[in-house]
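Residue numbers (this note's numbering), protein chains in the order written: chain A, 1 to 288; chain B, 289 to 649.
Below: one structure, written as structure tokens.
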């Protein structure tokens, strides 16, 4: 039973980790929080719903298409919400992304309907057993996909020119601009990347929970912001650690408290960490 | 070409219209206020349809909520995304007092305000040291926690069933009618707006604005920044609690669904649309955003889509809101305009005929 909870925690943790990475990339490059991350997750999930229905039921096709859709949505969002607001207070951008989140969620409700749509279950066969617990293929795939993305991102950030630009911009975008880096393009790319991560998380969630609905992204979005703060908002490894830890802690907490209260865990962690250790577990020291 | 030039003149025209309005309202302030009060009194006798009175009453609730949130967002420059939680706490306090303990509405109303204010102070003390974005997320988290607790604490709040059968308030033995609900909410709204006005023009209000403009400078002027922030938060939550209590006794049924985070966003949209920091603006924003979906019934489905769009457009295009004060979204003059604004309002470069052309080396 305990092993089962931990496995479930790790699986959900990979969703949180992907979303937390999305927050960390945006916060790292722009020092901004994108509230619409949850909506991008929802869009990813709906993309996979329609891909499965009309194109192919293969998870990886959905993943690829949703990543592209997420990337493009991210670029649009960046262009509209952040680029025009550069230099404005951070809070104005945050409120603007809240506007986007409302807009996207409700538009999805109008277009796709408010009811929960059911996804077909795939990859539900048992992969292997550990400590008397069945681990299904989907869980293995989710953990692997999240792992591949995490490693891919690290390679991108530390081995490519674009990664170097992103890191330079995140340290000091003015100086980076003076050094000949195209700051606008770098920020757009980082934003697209972050949004693609959210979209991928959405696809995995749609397959894992077998359902999609318009406000599905709100709670995971908020919780993974907590996860990002937990691990350290300025650090991608921190965000990953925070995501997995939050998933496991949440699932273990259900053993102690009533399952109705499970969603509170993330917020308590958020408040405690913001007050006690705002830099998170692994983050750089940031001026609060 | 004609059309383009007309379009270009729109911002100027709007600007002068607003200036004229401002001058008019400054010149005839007292008569306008009196007219408004007479309108409030006469309204339910002129337009007697129950539907209209109901919409107007709901409008009154939102006027209270938006005006109170304006203390936090507009005056102090803090971002609370959990205002609906305090509204909900007020509503639940009042409803539980009335249904479980049989307390009269007239006692439950201030009690709800006080309980909401107490929660506001508590949350304020815990979170108001955080920087803007983090404060926003923590208050949002608090809103979510409140909703979850309401849904799960079944023995106390009856969970997802909500609380039904909240008694109709009585006024010296006569139960409330539609019209008396309207008079009460109008009275509460007037008191709230007056209260907010008095706060703004007091020592406290000036301290709050000083904090909004420059926290460090305010601190060095001897303003107890944290204390004033908590005070602002508490005051706003008090009014939200009052609004919640009224809502509970007006609707006579409440459940967690009435106090979701989207409700907080609705109130924020009202404040932003009217103009953050403007007392009139909060009222105007609340009135417009309550009436708009009612006037265009086909918009009902699109209500939140519309709110989202309005929120985006206000911040990108018109950070000062309708009333056009220098609100918290306004950026410093030196910064360049958003690209979309630049595109729309770029002035044609007309060669100046009075200056000699070329050859001025």
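Just so you know, even glycine gets a beta-carbon here, dropped at the ideal spot from N, CA and C.
On a predicted model such as this, the values are computed, not experimentally measured, just so you know.
Quick check on the DSSP output: the alpha helix (DSSP H) that includes residue 133/A runs from which residue to which? Not the alpha helix (DSSP H): residue 133/A falls in the beta strand (DSSP E), residues 133 to 136.
Do we get a CB-CB distance below 8 angstroms when we pair residue 576/B with the residues of chain A? no
Per-residue burial, residue 314/B [other beta carbons within 10 Å of its own, 16 or more giving buried]: exposed
Our contact map puts residue 210/A next to residue 118/A with C-beta atoms below 8 angstroms; I'd like the distance itself, whole angstroms only. Distance from residue 210/A to residue 118/A at the Cβ level is roughly 6 angstroms; contact confirmed, criterion being Cβ atoms closer than 8 angstroms.
Measure the C-alpha to C-alpha separation of residue 485/B and residue 50/A and round it to an integer number of angstroms. 53 angstroms
Along the chain, where does the alpha helix (DSSP H) that runs through residue 512/B open and close? Where residue 512/B is concerned, there is no enclosing alpha helix (DSSP H), given that its DSSP letter is neither H nor E.
With 16 other CB atoms within 10 Å as the buried threshold, where does residue 338/B fall? exposed
Quick one, which of 261/A, 218/A, 194/A has its alpha-carbon nearest residue 25/A's? 194/A
Neighbour-count burial assignment, residue 646/B, 16 or more Cβ in a 10 Å radius: Low confidence applies to residue 646/B: its pLDDT is 42, below 50, so where it sits in the model is not reliable, and the reading given next is rough at best. Flag for residue 646/B reads exposed.
Name the DSSP bridge partner or partners of residue 293/B? According to DSSP, residue 293/B bridges with nothing at all.
Which residues in chain B sit within 8 angstroms of residue 263/A, going by Cβ to Cβ distance? 432, 436
Residue 225/A versus chain B: which residues are under 8 angstroms apart at the beta carbon? 425
What does residue 90/A reach in chain B if we use C-beta pairs closer than 9 angstroms? Neighbours of residue 90/A across chain B, judged by C-beta separation under 9 angstroms: 419, 420, 421.
Grouping DSSP H, G and I as helix and E and B as strand, with all else coil, what is residue 527/B? In this structure, DSSP gives residue 527/B a helical state, which the three-state scheme calls helix.
Checking contacts by CB at 8 angstroms: is residue 305/B closer than that to chain A? no
Using the Cβ count rule (16 or more neighbours within 10 Å means buried), how would you classify residue 223/A? buried
Quick check on the DSSP output: the alpha helix (DSSP H) that includes residue 394/B runs from which residue to which? 393 to 415
Pick helix, strand or coil for residue 424/B, following the three-state DSSP scheme. helix
Using the beta-carbon of each residue, which ones in chain B are nearer than 7 angstroms to residue 258/A? 440
8 angstroms contact criterion, which residue 9/A and residue 248/A should meet: CB distance rounded: 3 angstroms
Straight-line CA distance for residue 509/B to residue 90/A? Straight through space, the alpha carbons of residue 90/A and residue 509/B are spaced by roughly 25 angstroms.
Please check if any C-beta of chain B sits within less than 8 angstroms of the C-beta of residue 51/A. no
C-beta atoms of residue 95/A and residue 555/B nearer than 8 angstroms: no
I need the DSSP call for residue 90/A, collapsed to helix, strand or coil. helix
Which bits of chain B does residue 272/A rub up against, with CB to CB less than 9 angstroms? Chain B residues near residue 272/A: none, gap ~10 angstroms exceeds 9 angstroms.
Taking 8 angstroms as the threshold (C-beta atoms), are residue 376/B and residue 434/B in contact? yes
Check this for me: beta carbons of residue 341/B and residue 540/B, under 8 angstroms apart or not? Going by C-beta atoms, residue 341/B is not nearer than 8 angstroms to residue 540/B.
With respect to 7 angstroms, is the separation between the Cβ of residue 327/B and the closest non-hydrogen atom of the ligand NAD below this value? In the structure shown, the ligand NAD is absent, as is every other ligand, since no ligand is present at all.
If contacts are defined as beta-carbon pairs under 8 angstroms, then residue 571/B and residue 581/B qualify, I think. What distance do you get, rounded to the angstrom? Actually they are not in contact, since the Cβ atoms of residue 571/B and residue 581/B sit about 18 angstroms apart, beyond 8 angstroms.
Any C-beta of chain A sitting closer than 8 angstroms to the C-beta of residue 724/B? Outside the shown range of chain B (289 to 649) lies residue 724/B, about which nothing can therefore be said.
DSSP state of residue 500/B mapped onto helix, strand, coil: helix
Taking 8 angstroms as the threshold, find out whether the segment 385 to 392 of chain B comes into contact with the segment 451 to 465 of chain B through three or more Cβ pairs. yes
With DSSP run on the structure shown, which of helix, strand or coil describes residue 621/B? Low confidence applies to residue 621/B: its pLDDT is 45, below 50, so where it sits in the model is not reliable enough to give any reading.
Along chain A, which residues have their Cβ under 7 angstroms away from the Cβ of residue 589/B? 110
Here's the rule I'm using: 16 or more other beta-carbon atoms within 10 Å means buried, otherwise exposed. How should residue 241/A be labelled? buried
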